[in-house]
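Notes for the one structure printed next.
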Amino acid sequence: MIKKQIYSLITYDESVKTMEAGADHIGLVPMQDGGVPAHRVPLETVDKIFAEAKRRGVVTVAIMLNKDPKEMLDIAKRVRPDILHIAGMEYTADQAFRDQLRAVCPETELMQAVLVDGPEAVERAKEYAKFSDYLLTDSGLAADTGIGASGLTHDWSIDAAIVANVDIPVIIAGGLGPDNVEECIKEIKPYGVDSLTKTSIKYDGGRMEKDIDKVREFCERADKAAAEVGL
């Protein structure tokens with residue numbers, strides 16, 4: 005079974021609808037010093053969303069867009085996500101950070117983003133895999149979001165090489181939506197697929213919300229492709 009990961013949730017109601025539409029992982033940006041202000045979620049709302057996800061058996065992901073490891077660890081300890089996703093290039097996790105995370109929040113796993121900017125990404129991913137529980141491959145860099153949120157795809161042959169060369173689950177992100185998720189799964193055969201841009205409605209000022217019909221279609225198409233290739 006392929007894991008369908010949907011980013012970046014903001015409200016409780018859209019989070020519930022996203023889970024009902026088929027998401028296995030849900031990700032959000034807890035209030036922090038980084039990322040787009042309109043996308044940061046108050047901690048009390050994070051608590052409510054994560055509690056409902058845990059009740060439903062949906063994996064919770066806290067997305068870190070800052071560069072302060074202490075703040076990341078404090079947030080992890082406060083909201084207790086299933087996965088802590090390190091998304092910035094100004095700070096990349098390492099074994100020391102993994103050890104600290106395990107000490108303060110032993111139930112939380114670590115996911116490190118991998119910038120897929122060329123064949124060198126494979127070696128980068130192999131290094132990250134030494135201390136991470138998951139990798140997320142993604143496209144592009146942005147000053148306010150770190151790795152990802154570009155809505156652009158990249159060379160999937162590099163992702164396939166990463167999947168073949170690491171021993172931990174790999175989630176593919178970068179411009180995925182209902183239009184191309186089946187092709188991606190058939191080509192790469194990953195552990196999971198992630199969608200943000202193509203399953204969101206964006207408004208002026210940076211505000212956005214999930215397009216639940218597109219979320220549902222993304223999840224349905226992902227499941228269909230996974231069944232066809234035996235995942």
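For what it's worth, the numbering used here labels the leading residue of the sequence shown as 5, then goes sequentially.
A virtual CB, placed ideally from N, CA and C, is assigned to each residue, including glycine.
Going by DSSP, residue 9 is part of the beta strand (DSSP E) stretching over 7-10. With contacts defined by Cβ atoms closer than 8 angstroms, residue 31 and residue 83 do not form a contacting pair. Just so you know, the alpha carbons of residue 170 and residue 90 end up roughly 18 angstroms apart. For residue 97, there is no enclosing alpha helix (DSSP H), as DSSP marks it with neither H nor E. A residue is called buried when at least 16 other Cβ atoms come within 10 angstroms of its Cβ; residue 161 does not meet this threshold and is exposed. Here residue 211 has 42 as same chain residues with Cβ atoms under 6 angstroms from its own Cβ, once five neighbours each way along the sequence are excluded. In this structure, residue 61 lies away from residue 223, with their beta-carbon atoms at least 8 angstroms apart. For residue 32, the enclosing beta strand (DSSP E) starts and ends at 29-34. Take the alpha-carbon of residue 157 and the one of residue 129: they are about 18 angstroms apart.
The continuous beta strand (DSSP E) containing residue 198 extends over residues 196-199. Considering only 214, 193, 231, 182, the residue with the shortest C-alpha distance to residue 168 is 193.
Residue 178 sits buried, since 16 or more C-beta atoms from the chains shown fall within 10 Å of its C-beta. The alpha-carbon separation between residue 109 and residue 81 amounts to approximately 6 angstroms.
In chain order, 70 place their CB closer than 6 angstroms to the CB of residue 37, counting only its own chain and leaving out the 5 sequence neighbours on each side. Under the three-state reduction of DSSP output, residue 44 falls in the strand class.
Residue 46 and residue 221 have their C-alpha atoms roughly 29 angstroms apart.
Rounded to the nearest whole angstrom, the C-alpha separation of residue 137 and residue 217 is 31 angstroms.
With contacts defined by Cβ atoms closer than 8 angstroms, residue 87 and residue 68 do not form a contacting pair. Annotation for residue 226: 6, 8, 185, 189, 197 place their beta carbon closer than 7 angstroms to its own, counting only its chain and skipping 5 residues before and after.
Residue 138 has 115 as its beta-bridge partners, per DSSP.
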